[in-house]
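A short worksheet on the structure shown next.
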Amino acid sequence: MQFLRINMTDLTIRTETADKYTNLGGRALTSTFIAEEVPAQCDPLGTENKLIFAPGYFTGTSLVNTGRLSVGAKSPLTGTIKESNVGGTVAFSLARLGIGAVIIEGQSTAGPYFLEIDRDGSARLTEAGEYKGMRTYALVDALRQIHGDRKSITCIGPAGDMQLLAASIQSTDLDGRPCRAAGRGGLGAVMGAKGLKAIIVDRSGAVETVCAEPEPFRKAAKAYAKAVKADEFSGKILPEFGTAVLAEAINSAGAFPTRNARTGQFEEIEKISGETMAELIKSRGGQTTHKGCSQCIIDCSNVFVDKQGQYVTSSLEYETIWSMGGMIGNGDLDNIARLDFLCDDIGLDTMSTGVAIGVAMDAGYRQFGDGAAAIELVEEVAKGSDIGRVIGNGPDAVGRHFNHDRVPTVKGQSIAAYDPRAIQGMAVTYATSTMGADHTAGWVVAQNLEAFGGTIDPLGAEGQVELSRNAQIHMAAVDSAGICDFAQSGLATPEGMENVCRMFQAKSGRPFTQQDWTELGQQVMKTERKFNREAGFTAKNDRLPKMFYTEPLAPYNAVVQVGDEEMDSTFDY
Amino acid sequence: MQVRVKLLGTLPSSYRGIYPPEGLILGVPAKTTISGLVDMLGIPREQVALVTINGLLAKADDPAVENAVIKMMQHLAGG
């Protein structure tokens, strides 16, 4: 495995072999690396922080749905260690060039620069000063004119250039659009602080991923793909509706944070549901089934078009429908789609931005439901105006600006589209995740809500800590393997899990059991928690904001029941 | 008694009749349970994971009530 180490201070590039990281990929690699090389108390936007891009352990192999890239750094938004995960084409492209990680260190005073990685794996920095402040779609169009279509582009927009804390890193999908986001944690600001505008990676690499036992791997990968296709959710529901199918379900359960989490149900949900969106897209000639990422067989992406059939955005996802919809009281799907596009174009996390606008509306700055005002505010971010910078720095900045204390964040990062009062397991995940309030760190929604068969009481504390703990450990391993969240159907059964272990063993040539899988996840969590402790975080930081403990959420009038001692036992292992 | 049943996601394709977009208006015996209702619709129980009655989560044994809006959803996954 080769690492590219890019020093932005002296503009040097080194290629390294990194044997000690051979069996690590994705989040395990980024978090181990950050913990070893980044001082925990450093300034996240300073010269000591490092930004690392790492494909998953299985990325580049024949295993489906492994086109995931982990992006790691110390987060300027949360102050914690961070791994933000993105699909598109870049991870597969890097892996097929034989590159296991790209490490960006130092800081350019003259930048910004492009990092270009050619088909032979060689790399160079080129000046990008004239592109500073350019939006991502225009940037990608300009780079396509120069470099052609066979490039994967990972870049920042004006928000990243301005080092705003809700800035994302955008990456191109299979159609070449910069619509895939490593959104969380403000890592776009770190990229901007380094002086790096874009990474341009050739997509023609053909380096075979090292695999000790190719035939057993191939057989296991084939069985995995079959399981993903056979599963009802990944094989049938996601291709038809995408993640937006969750909107009606979560709202029905009273867990759809609405108007800055004042209630758990949005009365206009049917206007913005996955079912409505799919009908609308079909009627206008868009695509409800769309392949966004390399190696994908689920096709959960979509292409949202306007009344004239013209492209608006891709892909409109559940979390954005929530953050730009229910969270700001907005029942206009076209407006939400426009906001999604703007965030991708300006390089902003749709969740942090939507919640930031929700907090501003809650403080009385604008009216809930005013979608036009939301668009104006996002445009203000691109302009770099005073209010734009407040919004672009995320919900905590908005709360401080308006002296408003109803700010639904943990460690500075906003919650996602699941109210922790109605799904108490998500309260544990939000509070104790190493990344701030991160729904992907331990998604325990299904276990809480699938009450038809009876699983766990979503409004009670019992069993929630154990549920979240196990999910967080499991997800740390999934993120390290580079497996797409939605392809977990391939490992949802004991047979599926055995199959994944077989692939680990076949690729590494070393025995790998389910215990090793759990230990991999545990080790990642331990590494991340150690970094956070050294950065100054204690158990007192593993708490939700007061509003979730004191404001009953309709329709169940629930508050968070999980006590501090229970929260603190999450990582007793 | 009468209830309105809304099938979400891909569940309409599992209904044995023609599913109208506004949902089904059904006449059912009093005290019909949710699981009984699922059976009446001909949908395999394992396909239904989440049910609400008038916006509140319901269990398999909960009875439907007069003029209730009952929403049925398939399994959830995500993150």
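Quick mapping for you: the protein sequence lines, in order, are chains A and B. If you read the first sequence in the working numbering, its first letter stands for residue 247, the second for the next number, and so on. If you read the second sequence in the working numbering, its first letter stands for residue 11, the second for the next number, and so on. Here a beta-carbon is modelled for each residue, glycine too, at the ideal position from N, C-alpha and C.
Flag A78/B as yes if its beta-carbon sits less than 9 angstroms from any beta-carbon of chain A, otherwise no. To locate residue 78/B, count along the second sequence from 1; it is residue 68. By this cut-off, A78/B is not an interface position.
Does the distance from the C-beta atom of L562/A to that of D586/A stay below 9 angstroms? Here residue 562/A refers to the residue found at position 316 when the first sequence is read from its first residue. Here residue 586/A refers to the residue found at position 340 when the first sequence is read from its first residue. Contact flag set, yes.
C-beta atoms of S480/A and I544/A nearer than 9 angstroms: Counting from 1 along the first sequence, the entry for residue 480/A is found at position 234. Counting from 1 along the first sequence, the entry for residue 544/A is found at position 298. The criterion of a C-beta distance shorter than 9 angstroms is satisfied by S480/A and I544/A.
Skipping 5 residues on each side, what residues in its chain have a beta carbon closer than 6 angstroms to that of K537/A? Residue mapping note: residue 537/A aligns to position 291 of the first sequence, counting from 1. Excluding sequence neighbours, K537/A sits near L420 and D545.
Would you kindly report the start and end of the unbroken beta strand (DSSP E) that includes D818/A? By one-based count along the first sequence, residue 818/A stands at place 572. Per DSSP, D818/A belongs to no beta strand (DSSP E) and is neither H nor E.
Distance CB(Y676/A)-CB(A683/A) smaller than 9 angstroms: Here residue 676/A refers to the residue found at position 430 when the first sequence is read from its first residue. Here residue 683/A refers to the residue found at position 437 when the first sequence is read from its first residue. Yes, Cβ-Cβ distance for Y676/A and A683/A is below 9 angstroms.
Contact belief for T678/A with S726/A at Cβ below 8 angstroms, rounded distance in angstroms: Here the question's residue 678/A lines up with position 432 in the first sequence. Here the question's residue 726/A lines up with position 480 in the first sequence. Not a contact, Cβ separation roughly 19 angstroms.
Is any heavy atom of the ligand FAD found at a distance shorter than 8 angstroms from the C-beta of I44/B? The model depicted lacks the ligand FAD and carries no ligand whatsoever.
Three-state class that DSSP yields for S45/B in the structure shown: Along the second sequence, read from residue 1 onward, the residue named residue 45/B stands at position 35. Here S45/B sits in helix by DSSP.
Within chain A, partners of T62/B - CB distance below 8 angstroms: Within the second sequence, numbered from 1, the residue matching residue 62/B stands at position 52. Going along chain A in sequence order, the residues near T62/B (Cβ under 8 angstroms) are S498 and A499.
At 3 residues or longer, and completely inside the segment 375-455 of chain A: list those beta strand (DSSP E) runs for me, N to C. Counting only runs of 3 or more, we get 397-401, 415-417, 426-428 and 442-448.
My understanding is that V13/B touches N77/B, with C-beta atoms under 8 angstroms, so please give their C-beta distance in whole angstroms. Taking the first residue of the second sequence as 1, we reach residue 13/B at position 3. Taking the first residue of the second sequence as 1, we reach residue 77/B at position 67. 7 angstroms between Cβ atoms; contact.
Alpha carbon to alpha carbon, how far is C401/A from V690/A? Give it in angstroms, no decimals. Counted from its first residue, the first sequence places residue 690/A at position 444. Counted from its first residue, the first sequence places residue 401/A at position 155. Their Cα atoms are separated by approximately 32 angstroms.
Where do the ends of the beta strand (DSSP E) carrying A337/A lie? Counted from its first residue, the first sequence places residue 337/A at position 91. It is not in any beta strand (DSSP E) - A337/A instead sits in the alpha helix (DSSP H) that spans V336 to R342.
Consider the Cβ of W763/A: report whether some Cβ of chain B lies at a distance smaller than 9 angstroms. Start at 1 with the first residue of the first sequence, and residue 763/A comes out as number 517. No - not a single Cβ of chain B is within 9 angstroms of the one on W763/A.
Give the single residue among S45/B, D71/B, V58/B and L34/B whose Cα lies nearest to the Cα of V5/B. Given a span of 11 to 89 for chain B in the structure shown, any question on residue 5/B remains unanswerable.
From D49/B to R26/B, what does the alpha carbon distance come to, in whole angstroms? Counted from its first residue, the second sequence places residue 49/B at position 39. Counted from its first residue, the second sequence places residue 26/B at position 16. Taking the straight line from one Cα to the other gives about 11 angstroms.
Along chain A, which residues have their Cβ under 9 angstroms away from the Cβ of L36/B? Sequence index remark: in the second sequence, residue 36/B carries index 26 (1-based). Within chain A, no residue comes near L36/B; the closest Cβ sits about 18 angstroms away, beyond 9 angstroms.
Residues bridged to H536/A [DSSP beta-bridge criterion]: Looking up residue 536/A in the first sequence gives position 290. According to DSSP, which records beta bridges pairwise, H536/A is partnered with C546/A and S547/A.
Report the neighbours of V491/A on chain B: residues whose CB is nearer than 7 angstroms to its CB, in chain order. Indexing the first sequence from 1 puts residue 491/A at position 245. G19, listed in chain order.
How would you label D366/A, buried or exposed, when you count the other beta carbons within 10 angstroms and need 16 or more for buried? On the first sequence, residue 366/A is found 120 positions in, with the first residue counted as 1. Exposed.
Does the segment 370-383 of chain A touch the segment 574-584 of chain A, meaning 3 or more C-beta pairs lie closer than 8 angstroms? no
Note the first and the last residue of the continuous beta strand (DSSP E) segment covering F304/A. Along the first sequence, one-based indexing puts residue 304/A at 58. For F304/A, there is no enclosing beta strand (DSSP E), as DSSP gives it neither H nor E.
For the segment 463-482 of chain A, which residues have a beta carbon sitting closer than 9 angstroms to at least one beta carbon of chain B? D477, E478, F479, S480 and K482
Between which two residues does the beta strand (DSSP E) holding I702/A run? One-based indexing of the first sequence puts residue 702/A at position 456. Per DSSP, I702/A lies in no beta strand (DSSP E) and is assigned neither H nor E.
Less than 9 angstroms between CB atoms is the rule here; does W568/A satisfy it with respect to chain B? If you number the first sequence from 1, residue 568/A lands on position 322. False, the Cβ-Cβ gap to chain B never drops below 9 angstroms.
Neighbourhood of A473/A by C-beta, 7 angstroms cutoff - its chain only, sequence neighbours within 5 removed: Within the first sequence, residue 473/A is the residue found at index 227, counting from 1. Hits under 7 angstroms: S735, G736 and G742.
My assumption, with CB atoms under 8 angstroms, is that G638/A sits in contact with A319/A. Please give the rounded CB distance. On the first sequence, position 392 is the one that residue 638/A refers to. On the first sequence, position 73 is the one that residue 319/A refers to. At roughly 18 angstroms, the Cβ-Cβ gap does not stay under 8 angstroms, so G638/A and A319/A are not in contact.
With DSSP as the reference, identify every bridge partner of N331/A, one or two as the case may be. Position 85 of the first sequence, counted from the first residue, corresponds to residue 331/A. According to DSSP, which records beta bridges pairwise, N331/A is partnered with S316/A.
From which residue to which residue does the beta strand (DSSP E) around M83/B run? As a position in the second sequence, residue 83/B is number 73, starting the count at 1. Counting along the chain, the beta strand (DSSP E) containing M83/B begins and ends at V79 to M83.
Give a yes or no on contact between the segment 609-623 of chain A and the segment 653-663 of chain A, applying the rule of three or more CB pairs nearer than 8 angstroms. no
Completely contained beta strand (DSSP E) runs for the segment 671-744 of chain A, where each covers 3 or more residues: none
In the DSSP assignment, the beta strand (DSSP E) including I249/A goes from what residue to what residue? As a working note, residue 249/A is residue 3 in the first sequence. Residue identity differs from the one stated: residue 249/A is Phe in this sequence, not Ile. Unbroken beta strand (DSSP E) run through F249/A: Q248 to N253.
Please report whether the beta-carbon of Q84/B lies at a distance below 9 angstroms from any beta-carbon of chain A. Indexing the second sequence from 1 puts residue 84/B at position 74. Taking Cβ atoms only, chain A reaches closer than 9 angstroms to Q84/B, which makes this a yes.
Listed by chain order, chain A residues near V58/B by CB distance under 7 angstroms: Stepping through the second sequence from its first residue, residue 58/B is reached at position 48. F698, listed in chain order.
Compare the C-beta of K69/B with all C-beta atoms of chain A and state if any pair is closer than 9 angstroms. Here residue 69/B is taken as the residue at index 59 of the second sequence, counted from 1. Chain A, which has a Cβ nearer than 9 angstroms to the Cβ of K69/B, makes this yes.
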